[in-house]
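Read the structure below first, then the notes.
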Amino acid sequence: MNTREMQDEIIRLKKEKDICILAHAYQSHNIWEVADFVGDSFALSKKAAEAKENNMLMCGVRFMAETVKTLSPQKNVILANPDADCPMAHQMSRLDVAALKEKHPDAVVVAYINTTAELKCSADIIVTSSSAVDILKKVPEKKIIFIPDCNLGAYVAKSLPEKEFIFVKGGCPTHLRVQMADVEIAKENHPSAELLVHPECRIEICESADYVGSTTGIISYAEKSDKKEFIIGTENSIIEHLQFSCPDKKFYALSRELVCHNMKLTTLGDIYNCVKGCGGEEIFLSDEIISSSLKPIEKMIALGG
Ligand code: 13P
Ligand code: SF4
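Using this note's numbering, you'd call the opening residue of the sequence shown number 2 and step up by one each time.
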């Protein structure tokens, strides 16, 4: 079976079996081509809440499948590759959050969506990279406990000087591999290129960029821009997707280390096995976790606009 034959079979089977395939932007292009919806974490959450199909197949990491299950508990939610997990999602426990709350009782707890369903139960609001600034502008509390990504937090805090932030030392191990030296080398090698980075990068990297945004934010910025060359400061899969949508433009990696091994685990073969009914892992969450984690997720969707 070749790639195209496998894709055709996936498309035939997903229709026959009422399966909606959701793919995060970091998935490979051959997965994008069979997906019903591709997007950043915020768009995927919104889509998960709206989709009509009874079976949801998440091509991404575990917390994304958990979010789909929380938003649609009556549906069968399958994570295409059970080993695909985001290390950042496990950087804090509910006990850690309880200790922070005790120290700052007047603060609202804001959790990045890259957290387990269990940890989301301790949050007042969930945010994503594309929605954080808009959402936190609308929050009445002045004091914000922002968990777990202090890099995204620092970027958000710059846009909201009227707020007071409490950070913890968490973050994305993939984006943290980028150093200022990478920026200097990339700019020297590609002086006409614009630098587009994800806010999971360190704050000094964000400050040196021409655009900072989510995965789909970066894609649409590059697609709409009149410029012809771009240095991409997020997972390197985005370069592949942009080369398809903008064949007349050039894209360079900010660092060859920008590879998320968890996002890379899912293959077209995993999806083929899932739609055949012999792959992936069905996500189960307790009623308590679903009801407690739903509240801050629904707040995100309502305030995210
Ligand atoms: P976004 O797609 O929301 O930008 O998030 C990037 C990411 O790292 C997801 O794990
Ligand atoms: Fe997690 Fe970073 Fe990978 Fe996103 S890129 S899934 S935040 S490790």
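All C-beta atoms in this analysis are idealised placements derived from N, C-alpha and C, irrespective of residue type, glycine included.
Rounded to whole angstroms, how far is the Cβ of residue i from the Cβ of residue j, which I believe are closer than 8 Å?
i      : j      : result
Asp183 : Leu255 : 6 Å
Asn274 : Val62  : With a Cβ gap of about 18 Å, Asn274 and Val62 do not count as contacting.
Val35  : Ile11  : 5 Å
Ile114 : Thr267 : So it is not a contact: roughly 18 Å between Cβ atoms.
Pro174 : Ser130 : In fact, because the Cβ distance is near 16 Å, the residues do not count as touching under 8 Å.
Cys60  : Gln28  : 5 Å
Ile219 : Met181 : Rounded, the Cβ-Cβ distance is 19 Å, inconsistent with contact.
Leu101 : Ile22  : About 37 Å separates the two Cβ atoms, so there is no contact after all.
Lys250 : Lys225 : Not a contact, Cβ separation roughly 11 Å.
Under 8 Å between the Cβ atoms of residue i and residue j?
i      : j      : result
Ala315 : Ile148 : Outside the shown range of the chain, which is 2 to 306, sits residue 315, and nothing can be said about it.
Ala66  : Ile272 : no
Asn313 : Gly172 : Since the first residue shown for the chain is 2 and the last is 306, residue 313 is missing from the structure and cannot be characterised.
Lys47  : Ile302 : yes
Leu197 : Ile233 : yes
Asp37  : Ser215 : no
Leu304 : Ile186 : no
Leu120 : Met89  : no
Val260 : Asn237 : yes
Ile126 : Lys300 : yes
His30  : His242 : yes
Phe231 : Glu195 : yes
Val98  : Ser132 : no
Kindly say whether residue i, judged by its beta-carbon, lies nearer than 8 Å to any beta-carbon of chain D.
i      : result
Phe166 : Given the protein chain composition of this structure (a single chain), no chain D is represented.
Taking C-alpha atoms, which residue in the options lies nearest to residue i?
i      : options                        : result
Glu54  : Lys15, Asn3, Phe252, Tyr212    : Lys15
Val69  : Glu236, Leu45, Ile167          : Leu45
Asp288 : His25, Ser132, Gly278, Gln75   : Gln75
Cys202 : Val179, Val134, Tyr212, Leu23  : Val179
Ala24  : Val39, Glu163, Glu224          : Val39
Lys296 : Thr71, Thr4, Met2, Lys18       : Thr71
Ser73  : Ser123, Cys87, Asn56, Asp84    : Asn56
Asp84  : Val98, Asn77, Glu103, Phe64    : Phe64
Leu58  : Ser221, Ala133, Lys277         : Lys277
Ile240 : Ser294, Glu208, Ala26          : Ala26
Ala155 : Ser123, Lys139, Glu208, Lys138 : Glu208
Glu163 : Lys170, Val134, Lys188, Val169 : Val134
Glu6   : Ser294, Ile298, Leu269, Ser293 : Leu269
Asp86  : Thr116, Asn77, Glu103          : Thr116
Asn18  : Ser294, Asp227, Ala50, Asn77   : Asn is not the amino acid found at residue 18; the sequence shown has Lys there. Checked all of Ser294, Asp227, Ala50, Asn77; the closest Cα to Lys18 is Asn77.
Asp150 : Ala49, Glu165, Val169, Lys138  : Val169
Ser193 : Thr217, Ser294, Met2, Asp227   : Asp227
Ile298 : Thr4, Arg13, Ala50, Glu103     : Ala50
Are the region 255 to 265 and the region 274 to 285 in contact at 8 Å, needing three or more beta carbon pairs?
-> Contact fails between the region 255 to 265 and the region 274 to 285, because fewer than three Cβ pairs, one in each stretch, are under 8 Å apart.
Starting from the N-terminal side, write out each stretch of the alpha helix (DSSP H) that is 4 residues or longer and does not extend beyond the region 113 to 137.
-> 118 to 121
Does the region 98 to 116 touch the region 136 to 150, meaning 3 or more C-beta pairs lie closer than 8 Å?
-> yes
Length-filtered (3 minimum) beta strand (DSSP E) runs lying within the region 40 to 66 = The qualifying runs are 56 to 60.
Flag this pair as touching only if the region 155 to 163 and the region 237 to 249 have three or more C-beta atom pairs under 8 Å; answer yes or no.
-> no
Could you tell me which uninterrupted alpha helix (DSSP H) segments, each at least 4 residues in length, are contained entirely in the region 184 to 269, listed from first to last along the chain?
-> 204 to 208, 216 to 225, 238 to 246
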